[in-house]
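**Student:** Dropping a structure here in C-alpha cells format, bear with me for questions.
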Amino acid sequence: MKTTGVVRRVDDLGRIVIPKDIRKSLRIRDGETLEFFVDKETISLKKFSTSEDLSEMAQSLLDTIHMTISKSIFVTDRDKVVAGTGKLKKEFYGFNISSRLEEYLFQTESLVKGTSLVEEIIDSKNKGVEYKYILSPILSDSETIGLVFMVIEDSKSFTEEDEHIIQIIANFLSKYLED
Numbered sequence: 002m003k004t005t006g007v008v009r010r011v012d013d014l015g016r017i018v019i020p021k022d023i024r025k026s027l028r029i030r031d032g033e034t035l036e037f038f039v040d041k042e043t044i045s046l047k048k049f050s051t052s053e054d055l056s057e058m059a060q061s062l063l064d065t066i067h068m069t070i071s072k073s074i075f076v077t078d079r080d081k082v083v084a085g086t087g088k089l090k091k092e093f094y095g096f097n098i099s100s101r102l103e104e105y106l107f108q109t110e111s112l113v114k115g116t117s118l119v120e121e122i123i124d125s126k127n128k129g130v131e132y133k134y135i136l137s138p139i140l141s142d143s144e145t146i147g148l149v150f151m152v153i154e155d156s157k158s159f160t161e162e163d164e165h166i167i168q169i170i171a172n173f174l175s176k177y178l179e180d
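With the sequence shown counted from 1, adding 1 to any position gets you my numbering.
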C-alpha cells in the first residue's frame, strides 16, 4: 500500500474527508458508495461496484448476440468498459470511459446517438479515429450504473434493429441486477 502523505482528523460524527485529488484520481463521485475493509489496524476503502457481477453476465450475453449479428457492442460500469464483443473489442475493452460518456450516466434518455472520435468515447491511445455510436443506460433502482453501446465505422449507418438490440441488452442487464 502506498502512502499519500495526507492526514485527516475524524470529526465528532465519525466522518473524514477524502481529499479532492484522491477522489478525482480514483473517479469517486458525490454520492458514490464505498466499501470498507479492515485488516488488523488498517482500514481500506474501495469503490463499491456491481461490475464483477455485471461483467460476467454481460460478456456471456454479448458473446451470444455476437454469434448472430457480428456487431461491436460494449457494456460499461460507471468507470470503464467491462464487457465487449466484435472486431473493435481490443480497442475498447478495459479502457476507462471518457468524460463525455460519463456525462451520459447522469442523463435519463433511453437512447443516445452520436459520432465521436475514439478519445471522446474512451480514454484510448488510438486518437483521431471517428466512430458512430448508439448507447442506452443500464438502470438499477432508477440510477444509471452503466451503459450499453454499439460502435460502427463513421461511413456506415445504424438500423432500427441495432437500436432495439442495444435497448434490449440494457433492459436485460437492468432486470438481472435488480433480481
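The beta carbon of each residue, even a glycine, is placed where N, CA and C say it ideally should be. None of these values were measured; they are calculated from a predicted model.
Answer yes or no: the CB of Gly115 versus the heavy atoms of the ligand COA, is any distance below 7 Å?
**Tutor:** In terms of ligand content, the structure shown is empty, and the ligand COA therefore cannot be addressed.
**Student:** List the residues that DSSP assigns as beta-bridge partners of Asp40.
**Tutor:** Thr43
**Student:** Assuming Thr116 and Glu131 make a contact with CB atoms under 8 Å, what is their CB distance in whole Å?
**Tutor:** 6 Å
**Student:** Less than 8 Å separating the beta-carbons of Leu140 and Phe150?
**Tutor:** no
**Student:** Would you please state the rounded distance, in angstroms, between the beta carbons of Phe38 and Lys48? I believe it to be under 8 Å.
**Tutor:** Taking a contact as a CB-CB distance under 8 Å, the pair Phe38 and Lys48 does not count as one, their CB atoms being some 12 Å apart.
**Student:** Could you tell me whether the Cβ atoms of Gly87 and Ser99 are closer together than 8 Å?
**Tutor:** Ser99 sits away from Gly87, with the two beta carbons spaced by 8 Å or more.
**Student:** How would you label Phe75, buried or exposed, when you count the other beta carbons within 10 angstroms and need 16 or more for buried?
**Tutor:** buried
**Student:** With Glu154 as the anchor, note down where its beta strand (DSSP E) starts and where it stops.
**Tutor:** Glu144 to Glu154
**Student:** Check whether the Cβ atoms of Val11 and Ile17 sit closer than 8 Å, and answer yes or no.
**Tutor:** Their beta carbons are under 8 Å apart, which means Val11 touches Ile17 by this criterion.
**Student:** Kindly indicate the opening and closing residues of the beta strand (DSSP E) around Phe159.
**Tutor:** Per DSSP, Phe159 belongs to no beta strand (DSSP E) and is neither H nor E.
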